[in-house]
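Colleague: Mind looking over this structure? Questions follow.
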Amino acid sequence: MKLDWAGCLNSRDVGGLLSADGRRIRFGALLRSDSHNRLTAEGIAAVRAAGIGRILDLRWARETAREPSPFADDPVYRNAPLIAELAEQGTTMPDAYRTMLDDNRRQITGVFVQLSDAPPGPLAVHCSAGRDRTGVLVALALSVAGVPASAIAEDYARTEGCSGDTILRTLAHLETRHGGAYDYLTKGGATRTQLSQVRDRLLS
1 MKLDWAGCLN
11 SRDVGGLLSA
21 DGRRIRFGAL
31 LRSDSHNRLT
41 AEGIAAVRAA
51 GIGRILDLRW
61 ARETAREPSP
71 FADDPVYRNA
81 PLIAELAEQG
91 TTMPDAYRTM
101 LDDNRRQITG
111 VFVQLSDAPP
121 GPLAVHCSAG
131 RDRTGVLVAL
141 ALSVAGVPAS
151 AIAEDYARTE
161 GCSGDTILRT
171 LAHLETRHGG
181 AYDYLTKGGA
191 TRTQLSQVRD
201 RLLS
């Protein structure tokens, strides 16, 4: 569901997706977008009105220095840089995503677990375009919640310029190489309790 966050182009609520056990991702649980520095005054007010529990800004330090978040001084905000530039990671998006996961497991896990201990309220995740870094982190969260890869791909494809096949191939690699999102994250340092907290927070 598209969010009325004026200034953001790729903002949406991923609620409504069906998990393997028949439950659904709650509306208002996980929100994804492009960078909040583009928000208008009305958009900023809309984000504040949403009662966000945690904002995870996945951008690098040079990005946040150049284009600061309007929420940088808010207690809900955390800057959690995810990875090195994708252009340095691979030649195609599936290659880049696979290399991102293979080479940055502890860093990615360290960012992911910040979803587990957030105060009450929606979790808002964004990078610059709201596509690559956000797409991978959201895919991991949805996978931990038991959402099938096909549904994750459908959501990913709602982002402008994205093909569902990219995330399908990424999730297939995650399963083959790392045993799936759950094993990937536990081997990266996440506890079962932390993963259960994320799953329970997302599911109705």
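The sequence shown begins at 1 in full-length UniProt numbering and counts up by one.
Built from N, CA and C at the ideal position, the CB exists for glycine as well.
1) Look at the Cβ atom of Leu115, then the Cβ atom of Ala141, and state whether they are nearer than 8 Å.
2) Whole angstroms is fine: what's the gap from Leu202's alpha carbon to Thr64's?
3) Just to confirm before moving on: does the CB-CB distance between Leu39 and Val47 stay below 8 Å?
4) Less than 8 Å between the CB atoms is what I'm expecting for Asp34 and His126, so what's the real figure, rounded?
5) Run the CB neighbour count on Thr193, radius 10 Å, all protein chains shown included, and call it buried at 16 or more, exposed below.
6) Can you look up Ile52 in the DSSP assignment and give me helix, strand or coil?
7) What residue from Thr92, Gly15, Cys8 and Leu3 has the CA that sits closest to Ala50's CA?
8) Going by beta carbon distance, what residues of the same chain come within less than 7 Å of Asp21, once the five residues before and after it are set aside?
9) Report all residues from its chain with a CB closer than 6 Å to the CB of Arg105; omit the five preceding and five following residues, and keep chain order.
10) By how many angstroms is the C-alpha of Ser11 removed from the C-alpha of Glu67?
11) Would you mind sorting Gly16 into buried or exposed? The rule is 16 or more other CB atoms within 10 Å of its CB.
12) Can you have a look at Gly43 and say buried or exposed, based on whether 16 or more other CB atoms are within 10 angstroms of its CB?
13) Distance, Cα to Cα, Pro120 vs Gly53?
14) By the 10 Å Cβ neighbour count, where 16 or more other Cβ atoms means buried, how is Arg177 classified, buried or exposed?
15) Which residues in the same chain have their Cβ closer than 8 Å to the Cβ of Leu137, if we skip the five residues on either side of it in sequence?
16) Could you say which of Ala172, Gly135, Thr170 and Gly179 lies nearest to Arg158 if we only look at CA atoms?
17) Please report the Cβ distance between Ile167 and Tyr184, rounded to the nearest whole angstrom; I am assuming they are in contact, meaning their Cβ atoms lie under 8 Å.
18) From the DSSP output, which residues share a beta bridge with Val125?
19) Would you mind sorting Pro75 into buried or exposed? The rule is 16 or more other CB atoms within 10 Å of its CB.
Modeller: In terms of the structure at hand:
1) yes
2) 28 Å
3) yes
4) 6 Å
5) exposed
6) coil
7) Nearest option by C-alpha distance: Leu3.
8) Result list for Asp21: Gly146, in chain order.
9) Closer than 6 Å at the Cβ level, and outside the excluded window around Arg105, lie Gly188.
10) Cα to Cα, Glu67 sits roughly 18 Å from Ser11.
11) exposed
12) buried
13) 5 Å
14) exposed
15) Leu56, Leu58, Leu82, Ile108, Val111, Phe112 and Val125
16) Gly135
17) Actually they do not touch by this definition, with Cβ atoms about 15 Å apart.
18) Arg32 and Leu56
19) Residue burial annotation: Pro75 is exposed, with fewer than 16 other C-beta atoms found within 10 angstroms of its C-beta.
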